[in-house]
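Trainee:
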Amino acid sequence: MVALIKKQKEGKQVRENLKEYFGSVDAKGPLFVEQENGPDAYIANVREDAFDKFSGIRRRVEA
């Protein structure tokens with residue numbers, strides 16, 4: 011996935027969206043994930059988990 015984001019022309023928009031929607035734990039993306047999924051018995055903090063996962067993608071794309 012990261013390679014596609016880096017190689018495709020659409021990747022620039024994907025990078026911008028990742029930054030906008032997952033720039034912080036309180037950004038739109040983690041809030042949307044939390045609202046859609048609700049509480050999870052296996053994940054203590056759904057919002058933090060979503061932020062952590064997408065932050066990892068952002069770091070790899072920006073590297």
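Each residue of the sequence shown is one higher than the one before, counting from 11 in this note's numbering. Ideal placement from N, C-alpha and C gives every residue a C-beta, glycine not left out.
Using the beta-carbon count (16 or more within 10 Å), is I53 buried or exposed?
Mentor: Exposed, because fewer than 16 other Cβ atoms sit within 10 Å of the Cβ of I53.
Trainee: In the structure shown, what three-state DSSP assignment does N27 receive?
Mentor: Residue state, collapsed to three classes: helix.
Trainee: Would you kindly work out how many angstroms separate the C-alpha atoms of D36 and R57, rounded to a whole number?
Mentor: Straight-line Cα distance between these residues: approximately 8 angstroms.
Trainee: Per DSSP, what kind of secondary structure is D62 in: helix, strand or coil?
Mentor: Here D62 sits in helix by DSSP.
Trainee: From N47 to E30, what distance separates their C-alpha atoms?
Mentor: Roughly 20 angstroms between the two C-alpha positions.
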